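Presented below is the structure to which this report refers.
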Amino acid sequence: MKKRITIGGIGSVLLGDDGVGPYVAGILEAAYCFEEGVTVADLGTPGLDLVAHLSGIDVLILVDSVKNSASPGTVTLYRKDEILRHGPAPVRMDPHSPALSESILIAEMAGEGPEEILLIGITGEQYEVNAGLSEAAEKAADEAVVQILVELGRLGVSYTKLRTKSYLPWWTPLSEAPPSPAV
Amino acid sequence: MSTRITIDPITRIEGHLRIDVEVENYAVSNAWASCTMWRGIETILRGRDPRDAWMFTQRFCGVCTTVHAMASVRAVEDALKLPVPANAQYIRNLILIAHALHDHIVHFYQLSALDWVDILQIPKADPAAASKLAESLSPWTRNSRNELKAAQDKVKAVAASGQLGIFQNGYWGHPAMRLSPEVNLLAFAHYVQALEYQRKALQVVGMLGSKTPHIQNLQVGGVANAIDLDGTSALTMDKLETIRLLLAEVAQFIREVYVIDVCAVAAMYPEWFKIGSGVTNYLAVPDLPLDNVAGAYDLPGGVIMGGNIGGVKPFKTASDPAFREGVTEDVTHAYYQGEKPLHPWQGETEPQFTDWDGEKKYSWVKSPRFNGQPMQVGPLAQVLVGYAQGHPLTKKYAEYALSQVSAIARVNASPSLLHSTLGRHAARAIRAAMLAELADKHWQLLVDNIAKGDLSVHNQPVFPSGEVEGVGTHEAPRGTLSHWIVIKGGKIKNYQAVVPSTWNASPRDEKGAHGPYEASLLHTPLARPEEPLEVLRTVHSFDPCMACACHTFDPSGKQIARVKVL
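As given, the protein sequences belong to chains A and B, one line each in that order.
In this text, residue positions in the first sequence follow the numbering used here: the first is 4, and each later residue adds one.
In this text, residue positions in the second sequence follow the numbering used here: the first is 118, and each later residue adds one.
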């Protein structure tokens, strides 16, 4: 049986480089056609709602902005043990705060978690409201796409590349968007 | 001598609810609620096309996506006085109901049940005794000894691994935890089952909205769902039938599990019906419109002041003049510039950050007020406002829940008990039961309307050249949500969102009146101030949702929660 694989972009498209996960998901949706069983999704900032997307699949590949010591635009691959190393947040004050490890642990406790989880992390430069992506993050997004295709190849997934123009997301800041055609 | 406790979960982002309380003689003597991140996202919308606004507002929060999309299209429709076809109203209502059912289930089981349920007591439970107890309370078929034993084994496996995983940070063994091992086991078994049913509700949102978490089917003036009962790709009878069955399964879980569990837990902590009332001014807006112009609703709205249920003032419409004119936002204690409270259409969002100072400015949340008064919003407000008006569906489930509590606790539970921490949980369960019943009704309304030959789903918006103002409201899972828009020449001139958690988490105002979280914490007893479980119980009962908009993963694990006792 074919593996069920979800590729999920995580982050807020309104906050600068936090939108790089959804941006990568957007490129994959616009420019590639994957075989059945592969789902590409812009998951936004789902908090514990991520649990619903973890159930009934074999492999989860997440793309998210990361804060680490690397320079902006660096792409780093994390595996499940590295994501879970620090466990859930100690006090659940605001129940909807980002909850990557919490969601994974809940799904596993319920016996529903995917067997393999990868996180493609892109080191962000800025998280300003309405700033769009930094040049570093935009370049890193292309690299992340290549990394994902490599992982999919390893998992035996086939895909075709579509002929498309460059991808311009709907949330591009007004200052960077080309003038809209007259209605 | 008082002790100061700060609860400030510093997770991988800065942007959270922080609570400070002063404790004297094992009880809270003063409280401050603050949000530690700037929410100026509305500024993104200025200059954009009002027809696109909902796609952006849907990103305000990653969990409450749908509700911000809906309030936004309603704001533009209100500004244009644009009617919405009946089919579109019903499709929207079904999405709102399914989202709310998902949200209420997750809130009770995944986000707050473990404030009351002690996981470490579960290995001691007798599954047979737990099953017998469960079957005396509910006809639910998944309470068998075997099912409960399997749930117990999950906890035992986690405990035996030496790492508690998802359960590693609870206040287990706290003296305020008082359920029997069997009740703890039952609640936990339902915690696991709840994961399945919340997912079914989300599936409905995805089927009608074409994607979840971000629905794609909205349009100013209606929806984009093509209706073709015999077709293959549009909204077909097959699809509608699947939706009906999913909603029926969720409804059964709500009636036979969620409502019963809330009543049972409540009956075993009766003192929590006397704790956590705080602000007893309540505000709810009418929702689930039944016609094209939103003149009749299935959820009533209105205002109750000072806990005076008999003096309820109903709202006739979702943009009732009393509501439109009564809302202001005050920034005396919020990190913004500004002298006096402003109406949202005139609202400004100019930051003026200072350090946390409980006497001066201490939060990024503004203080919304209604006719100058702090208001509590949420399921409790909605249930009380409906109950006070004699709304039959509200009365049916409120009276049912109170009779359950009375029977289990052997007391006479009256509606006045609802002004409390447990009242908020009970009201959320009551609301869920109402919505589950309404899901069926609105599904039938949609199917009947289509059967009459009406396939219309959209009216075209037309923008005037001048300036127009609108407000879009929605009674969201966390309470009254309102989006306020000013449109000039077809472009957005101003946009303000007054969200439920802003009402509830608001800091003090110019008169020094506490916001609802703050007021609800006063006098709360604390058994162990260094483990402030009781504070979390009350704060969680509001279902807080703050600034969850940024999601950067930090692999170095800077996830230090600070429960600081000074």
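Built from N, CA and C at the ideal position, the CB exists for glycine as well.
Here the structure is a predicted model, which is why all the values come from computation and not from measurement.
By alpha-carbon distance to residue 32/A, the top candidate from 174/A, 178/A and 162/A is 162/A.
For residue 135/B, the enclosing beta strand (DSSP E) starts and ends at 134-141. If you check each beta-carbon in the segment 275-296 of chain B against every beta-carbon of chain A, the ones closer than 7 Å belong to 275, 282, 283, 285 and 286. Each residue's CA atom was taken as its position, placing residue 176/B and residue 20/A some 15 Å apart. 312, 313, 315, 316, 319, 320, 328, 329, 330 and 331: these are the residues of the segment 312-332 of chain B whose beta carbon lies less than 9 Å from some beta carbon of chain A, given in chain order. Closest option to residue 362/B, judged by alpha-carbon separation, among 346/B, 324/B and 328/B: 324/B. Between residue 180/B and chain A, the shortest Cβ-Cβ separation is below 7 Å. Residue pairing of residue 340/B in beta bridges, as defined by DSSP: 335/B.
Secondary structure of residue 479/B (DSSP, three-state): coil. DSSP places residue 45/A in the uninterrupted beta strand (DSSP E) bounded by 41-47. By the beta-carbon neighbour count (other beta carbons within 10 angstroms, threshold 16), residue 483/B is buried.
Secondary structure of residue 399/B (DSSP, three-state): strand.
Residue 252/B is not bridged by DSSP to any residue. Between residue 339/B and residue 201/B, the beta carbon gap of about 5 Å places them in contact (Cβ cut-off 8 Å). Using beta-carbon distances, residue 113/A counts as an interface residue toward chain B, with a partner under 7 Å. The Cβ of residue 506/B sits no closer than 7 Å to any Cβ of chain A. For the options 295/B, 590/B and 533/B, the alpha carbon positioned closest to that of residue 382/B is the one of 295/B. Nearest CB-CB separation between residue 337/B and chain A: not below the 7 Å threshold.
Under DSSP, residue 600/B shares a beta bridge with 589/B and 614/B.
By the Cβ neighbour-count rule, residue 173/A is exposed, with fewer than 16 other Cβ atoms within 10 Å of its own. Under DSSP, residue 605/B shares a beta bridge with 584/B and 608/B.
Burial of residue 315/B is indicated by the presence of at least 16 other C-beta atoms within 10 angstroms of its C-beta. Across the segment 51-64 of chain A, CB contacts with chain B closer than 8 Å involve 51, 52, 54, 55 and 58, in sequence order along the chain. For residue 575/B, the closest C-alpha among the options 591/B, 306/B, 209/B and 377/B is that of 209/B. The alpha-carbon of residue 493/B is positioned some 7 Å away from that of residue 620/B. The beta-carbon separation of residue 185/B and residue 318/B, rounded to 18 Å, does not stay under the 8 Å limit for a contact. Beta-bridge annotation (DSSP): residue 225/B is not paired with any residue. When Cβ-Cβ separations below 7 Å define contact, residue 122/B makes no contact with chain A. When rounded, the separation of the alpha-carbon atoms in residue 651/B and residue 658/B is 11 Å.
Using a Cβ-Cβ cut-off of 7 Å, residue 158/B counts as an interface residue toward chain A, since at least one Cβ of chain A sits closer than that to its own. Contiguous beta strand (DSSP E) elements confined to the segment 142-186 of chain B occur at 144-152, taking only those with 3 or more residues. Residue 504/B carries a helical assignment under DSSP once its states are collapsed to helix, strand and coil.
For residue 545/B, no Cβ of chain A is located within less than 7 Å of the residue's own Cβ.
Look at residue 18/A here: in three-state DSSP terms it is strand.
Looking at the DSSP output, residue 124/A bridges to 67/A and 79/A. Under the DSSP definition of a beta bridge, residue 416/B partners with 404/B.
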